[in-house]
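Enquirer: Pasting in a structure now, in structure tokens, and then I'll have a few things to ask.
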Amino acid sequence: MRPEVITAIAKKDLLEVRQNTSAWLPMVIVPLLFAVGLPLIILLAPRNPAFLNQIAADPDLMSFIDRLPPVMLAYLEGLDLNQKMVMIFLGFFFAPMFLIMPLMFSTIIAAESFAGEWERKTLEALLYTPASDAELFVGKMAAAGAPALLLTWICFGLYTLVLNAAGAPIMAGKISFPLPTWYPLIFWISPALSLLGISATVLISARTKTFMGAYQLSGSLVLIVLALVVGQVTGVLYLSIGSGMLVGLVIWLTAGLLTWLSVRLFKRAFLLISGD
Amino acid sequence: MKTILSVEHLTHRYGDQPALDNLSFEMQEGEIFGLLGPNGAGKTTTVRLVNGMFPPSTGKIRVLGLNPTRQGTEIRRQTGVLTETPALYERLTARQNLEFFATLCEMPKSERPARISELLSFFGLEPRANDKVSTFSKGMKQRLALARALLHRPEILFLDEPTSALDPEASAQVRDLIASIGREDGRSVLVCTHILSEAERLCDRVAILGKGRLLALGSLEELRRRVMPGLWLEVELLSGIPASLEARLATIDGVLAVEPAGSSLRLQVSQLAVVPAVAAAVISAGGHLLRLQPQEISLEEVYFALQNESNGGSHAS
Numbered sequence: 671m672r673p674e675v676i677t678a679i680a681k682k683d684l685l686e687v688r689q690n691t692s693a694w695l696p697m698v699i700v701p702l703l704f705a706v707g708l709p710l711i712i713l714l715a716p717r718n719p720a721f722l723n724q725i726a727a728d729p730d731l732m733s734f735i736d737r738l739p740p741v742m743l744a745y746l747e748g749l750d751l752n753q754k755m756v757m758i759f760l761g762f763f764f765a766p767m768f769l770i771m772p773l774m775f776s777t778i779i780a781a782e783s784f785a786g787e788w789e790r791k792t793l794e795a796l797l798y799t800p801a802s803d804a805e806l807f808v809g810k811m812a813a814a815g816a817p818a819l820l821l822t823w824i825c826f827g828l829y830t831l832v833l834n835a836a837g838a839p840i841m842a843g844k845i846s847f848p849l850p851t852w853y854p855l856i857f858w859i860s861p862a863l864s865l866l867g868i869s870a871t872v873l874i875s876a877r878t879k880t881f882m883g884a885y886q887l888s889g890s891l892v893l894i895v896l897a898l899v900v901g902q903v904t905g906v907l908y909l910s911i912g913s914g915m916l917v918g919l920v921i922w923l924t925a926g927l928l929t930w931l932s933v934r935l936f937k938r939a940f941l942l943i944s945g946d
Numbered sequence: 004m005k006t007i008l009s010v011e012h013l014t015h016r017y018g019d020q021p022a023l024d025n026l027s028f029e030m031q032e033g034e035i036f037g038l039l040g041p042n043g044a045g046k047t048t049t050v051r052l053v054n055g056m057f058p059p060s061t062g063k064i065r066v067l068g069l070n071p072t073r074q075g076t077e078i079r080r081q082t083g084v085l086t087e088t089p090a091l092y093e094r095l096t097a098r099q100n101l102e103f104f105a106t107l108c109e110m111p112k113s114e115r116p117a118r119i120s121e122l123l124s125f126f127g128l129e130p131r132a133n134d135k136v137s138t139f140s141k142g143m144k145q146r147l148a149l150a151r152a153l154l155h156r157p158e159i160l161f162l163d164e165p166t167s168a169l170d171p172e173a174s175a176q177v178r179d180l181i182a183s184i185g186r187e188d189g190r191s192v193l194v195c196t197h198i199l200s201e202a203e204r205l206c207d208r209v210a211i212l213g214k215g216r217l218l219a220l221g222s223l224e225e226l227r228r229r230v231m232p233g234l235w236l237e238v239e240l241l242s243g244i245p246a247s248l249e250a251r252l253a254t255i256d257g258v259l260a261v262e263p264a265g266s267s268l269r270l271q272v273s274q275l276a277v278v279p280a281v282a283a284a285v286i287s288a289g290g291h292l293l294r295l296q297p298q299e300i301s302l303e304e305v306y307f308a309l310q311n312e313s314n315g316g317s318h319a320s
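Protein sequences appear in the order of chains B and V. Numbers 671 to 946, taken from the numbering used here, label the letters of the first sequence in order. Numbers 4 to 320, taken from the numbering used here, label the letters of the second sequence in order.
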């Protein structure tokens, strides 16, 4: 495989994404919301004493905090109510929600890269070049995977910065972000979810052959993330370092299987005939 | 001349659907070769097979001495294909499109800017080089797609329906460009078309396909002779046809048939040498000869005669 060809394919796909507003706009809005907007709202809201008193007087909320798994409670020891709220929302519950990003970024770009070529009938000219099936596939995978991961990591850095800066007056140096439980999510589960999103989108693109169709169908993968969010909130599955590594392994294996199926599908003969 | 493309007993099926049936032909170096046929005749499938996009069901193909089934990548390094739709990235500029394909075709980085400028200038697109392709007219897109196919100086250029989506003016422009690529550059060009006037104007030889089968192969002259043996003359008279003229013409040696056609006569003769005898007979019969013209059968007539024959009919004369 020739790196220059792979890079050219990836670069071209990203240039096209940049020109498609419905592709890049969600990739700007969602990170800003998750990494900056919502954390700032949560960090600034508890400073209102009336709001804190209201929380302290809510028996449901207090019993919810008491019922949290012991691993989570360990992080809350010695914190006042204000600090506990920041820790619960931004330290625990936001963690699985962050996984929406690698999944969303990768499926948007992959839908544009794979289904978009079909939709705009540009695939045939690409297939008549000397680029091999493998180079085309890897180039398109790289176009979706690399920016998805890079953006996720940038958002993670931004989130860390916002939490530590805006949260400093509240946390008073007791705990700094990110919590160790975030590392498996960001560096182990996120790449797996990116690959899962891309490979699923390749398979979906072969059927729908339109950018919006592929994007909407692959969007159903968000259910995986929602399941993790619900698990975390209800305390059924707390994403500790160990469980995070295990969940990541399952996603890696699933993504591996779907990638294998995508590679088998991504052959000139199939691409040409199904594009007719 | 060197054979650069040969197809022997090529058969291909898409599932149960037959696409090509025992097709054989050869293409020579420097030739403009036409594949003619209606939609579904197997023209695009032939281009795909010879470029190694997928293997044929049966049959043998050699392109520049290479086997497309095993050496598709090597073949695509030496061929350029203009697909039926321009297949350009419309959100990118003309130059970005060409730069992308130049990289994929392994053109050395140092050569790319000059080659791209040369082609943009040749196809009259230099002033719009940095505009998005989505702002181009259909004719401009087709010219850019032609430039893309020629980027890496291919040995063989395949053009799949190069003018089918264009208006007459743009068609003529693209046809002139193809002619200059073929005739002036000496490049081998295979043109797939259902536009017969295009093939007539461009091609040295044509293969006429029908339902995946080869109906005829040869130069236009060879095909004319095959469909309509002999030569047809149109004899136009100023003031009516003398009563005895038809009978007198029929007795001339070399006259094969005489048919009245309004105030004119149509004659089938074995060769051009018979024409003076025909003229003398008309005059001696008292006819006022206004015009005596050998009739050229067009490719269109050849084509329809062959398609009709393949559908179970006979040659129309």
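Even for Gly, the Cβ is constructed at its ideal location relative to N, Cα and C. A quick note: this is a predicted structure, and the numbers were derived from the prediction, not measured.
Look at L169/V and K141/V and say whether their C-beta atoms are less than 8 Å apart.
Expert: In the second sequence, counting from the first residue as 1, residue 169/V sits at position 166. In the second sequence, counting from the first residue as 1, residue 141/V sits at position 138. Yes.
Enquirer: Cα separation between K144/V and D179/V?
Expert: The count along the second sequence starts at 1 and reaches residue 144/V at position 141. The count along the second sequence starts at 1 and reaches residue 179/V at position 176. If I take the Cα positions, the gap works out to 16 Å.
Enquirer: Within the 8 Å Cβ cut-off, does R80/V reach chain B?
Expert: Here residue 80/V refers to the residue found at position 77 of the second sequence. R80/V counts as touching chain B.
Enquirer: Out of I840/B, P772/B, A816/B, state which residue places its alpha-carbon closest to the alpha-carbon of S888/B.
Expert: Walking along the first sequence from the start, residue 888/B turns up at place 218. With distances taken between Cα atoms, S888/B lies closest to P772/B.
Enquirer: By the DSSP assignment, the alpha helix (DSSP H) with S932/B in it spans what residues?
Expert: Walking along the first sequence from the start, residue 932/B turns up at place 262. Per DSSP, S932/B belongs to the alpha helix (DSSP H) from 911-935.
Enquirer: What first and last residue would you give for the beta strand (DSSP E) that runs through P263/V?
Expert: The sequence position of residue 263/V within the second sequence is 260, counting from 1. P263/V -> beta strand (DSSP E) spans 258-264.
Enquirer: Note down, in chain order, each residue of its chain lying with its Cβ closer than 7 Å to the Cβ of G815/B, except the 5 sequence neighbours on either side.
Expert: By 1-based counting over the first sequence, the position of residue 815/B is 145. Excluding residues within five positions, the ones whose Cβ falls inside 7 Å are S776, S864, L865, I868.
Enquirer: Work out the CA separation of V209/V and A250/V for me, nearest whole Å.
Expert: Here the question's residue 250/V lines up with position 247 in the second sequence. Here the question's residue 209/V lines up with position 206 in the second sequence. If I take the Cα positions, the gap works out to 40 Å.
Enquirer: From Y885/B, P861/B, G918/B, pick the residue whose C-alpha is nearest to that of E789/B; which is it?
Expert: Counted from its first residue, the first sequence places residue 789/B at position 119. Out of Y885/B, P861/B, G918/B, Y885/B has the C-alpha closest to the C-alpha of E789/B.
Enquirer: Apart from the five residues just before and just after L241/V, which ones in its own chain have a Cβ nearer than 7 Å to its Cβ?
Expert: Translated into the one-based positions of the second sequence, residue 241/V becomes position 238. Correct list, in chain order: H291, L293.
Enquirer: Determine the chain C residues that contact R94/V at a beta-carbon separation under 8 Å, and present them in chain order.
Expert: Among the chains of the structure shown, chain C does not appear; the protein chains present are B and V.
Enquirer: If you pair each beta-carbon of the segment 28-45 of chain V with each one of the segment 204-224 of chain V, do three or more pairs fall below 8 Å?
Expert: Counting Cβ pairs under 8 Å, three or more are found: they touch.
Enquirer: Is there a C-beta anywhere in chain B that falls below 8 Å from the one on Q99/V?
Expert: If you number the second sequence from 1, residue 99/V lands on position 96. Yes, its Cβ sits closer than 8 Å to a Cβ of chain B.
Enquirer: What does the alpha-carbon distance come out to for the pair I943/B and A22/V?
Expert: Translated into the one-based positions of the first sequence, residue 943/B becomes position 273. Translated into the one-based positions of the second sequence, residue 22/V becomes position 19. Looking at the two C-alpha atoms, the distance is approximately 12 Å.
Enquirer: List the residues of chain V that K791/B touches, going by C-beta distances under 8 Å, in chain order.
Expert: The residue labelled residue 791/B in the question sits at position 121 within the first sequence. In chain order: T88, A90.
Enquirer: Would you kindly work out how many angstroms separate the C-alpha atoms of V177/V and L220/V, rounded to a whole number?
Expert: Residue mapping note: residue 177/V aligns to position 174 of the second sequence, counting from 1. Residue mapping note: residue 220/V aligns to position 217 of the second sequence, counting from 1. In a straight line, the C-alpha of V177/V is about 25 Å away from that of L220/V.
Enquirer: Given 8 Å as the limit, is there contact between the segment 63-82 of chain V and the segment 8-20 of chain V, that is, 3 or more CB pairs closer than that?
Expert: Flag = yes, the segment 63-82 of chain V and the segment 8-20 of chain V touch.
Enquirer: Hey, V136/V and P165/V are a contact pair by Cβ (cut 8 Å); roughly how many whole angstroms apart?
Expert: Looking up residue 136/V in the second sequence gives position 133. Looking up residue 165/V in the second sequence gives position 162. Actually they are not in contact, since the Cβ atoms of V136/V and P165/V sit about 17 Å apart, beyond 8 Å.
Enquirer: I want to check one thing, is the minimum distance from the CB of A720/B to the heavy atoms of the ligand NAP below 7 Å?
Expert: With respect to the ligand NAP, the structure offers nothing, as it holds no ligand at all.
Enquirer: Does N54/V get closer than 8 Å to chain B when you measure Cβ to Cβ?
Expert: Translated into the one-based positions of the second sequence, residue 54/V becomes position 51. Yes, because at least one Cβ of chain B sits closer than 8 Å to the Cβ of N54/V.
Enquirer: Measuring alpha carbon to alpha carbon, tell me which of Y92/V, A282/V, Q74/V ends up nearest G239/V.
Expert: Residue numbering aside, residue 239/V sits at position 236 when the second sequence is read from its first letter. This sequence places Glu at residue 239/V; Gly is not what is there. Comparing Cα-Cα distances from E239/V to each of Y92/V, A282/V, Q74/V, the minimum goes to A282/V.
Enquirer: Provide the residue(s) that pair with T196/V in DSSP beta bridges, ordered along the chain.
Expert: For the purposes of this step, residue 196/V is taken as residue 193 along the second sequence, with counting starting at 1. Note: T196/V sits in a beta bridge opposite L39/V.
Enquirer: Give the range of the alpha helix (DSSP H) segment to which F807/B is assigned.
Expert: Within the first sequence, residue 807/B is the residue found at index 137, counting from 1. First-last of the alpha helix (DSSP H) with F807/B: 803-841.
Enquirer: First and last residue of the alpha helix (DSSP H) that includes A283/V?
Expert: Counting from 1 along the second sequence, the entry for residue 283/V is found at position 280. Counting along the chain, the alpha helix (DSSP H) containing A283/V begins and ends at 278-287.
Enquirer: Per DSSP, what kind of secondary structure is S320/V in: helix, strand or coil?
Expert: Position 317 of the second sequence holds residue 320/V. With a pLDDT of 40 at S320/V, under the threshold of 50, the modelled position of this residue cannot be trusted; read the value that follows with caution. It is coil, neither helix nor strand.
Enquirer: Answer with yes or no whether the minimum CB distance from R156/V to chain B is below 8 Å.
Expert: The residue you call residue 156/V lines up with position 153 of the second sequence. Not closer than 8 Å to any Cβ of chain B, the Cβ of R156/V fails to qualify, so no.
Enquirer: Give me the chain B residues within the contact set of R51/V, using Cβ-Cβ distance strictly less than 8 Å, ordered along the chain.
Expert: As a working note, residue 51/V is residue 48 in the second sequence. Here the neighbours are L942.
Enquirer: DSSP has D163/V in a bridge; who is on the other side?
Expert: Sequence index remark: in the second sequence, residue 163/V carries index 160 (1-based). The partner list for D163/V (beta bridge, DSSP) reads C195/V.
Enquirer: With 16 other CB atoms within 10 Å as the buried threshold, where does I840/B fall?
Expert: Translated into the one-based positions of the first sequence, residue 840/B becomes position 170. I840/B should be labelled buried.
Enquirer: In the segment 793-811 of chain B, which residues sit with their C-beta less than 8 Å from some C-beta in chain V, listed in chain order?
Expert: Residues L793, E794, A795, L796, L797, Y798, T799, P800, A801, S802.
Enquirer: Please report the Cβ distance between I859/B and G918/B, rounded to the nearest whole angstrom; I am assuming they are in contact, meaning their Cβ atoms lie under 8 Å.
Expert: Residue 859/B sits at position 189 when you count from the first residue of the first sequence. Residue 918/B sits at position 248 when you count from the first residue of the first sequence. The Cβ separation is near 4 Å, so the contact holds.
Enquirer: Enumerate in chain order the residues of its own chain whose CB-to-CB distance from A319/V is below 6 Å, with the five nearest sequence positions on each side excluded.
Expert: One-based indexing of the second sequence puts residue 319/V at position 316. Caution applies to A319/V, whose pLDDT of 41 falls short of 50 and renders its modelled position unreliable; the value that the coordinates give is listed next. Excluding residues within five positions, the ones whose Cβ falls inside 6 Å are A308.
Enquirer: Where does the unbroken alpha helix (DSSP H) through S120/V begin, and where does it stop?
Expert: Looking up residue 120/V in the second sequence gives position 117. Element bounds for S120/V: 115-125.
Enquirer: Going by Cα to Cα distance, which pick from P861/B, F940/B, G827/B is closest to G926/B?
Expert: For this step, residue 926/B is matched to residue 256 along the first sequence. Cα-wise, what sits closest to G926/B is P861/B.
Enquirer: Nearest-angstrom Cα distance between W235/V and R227/V?
Expert: Position 232 of the second sequence, counted from the start, is the residue given in the question as residue 235/V. Position 224 of the second sequence, counted from the start, is the residue given in the question as residue 227/V. Taking the straight line from one Cα to the other gives about 11 Å.
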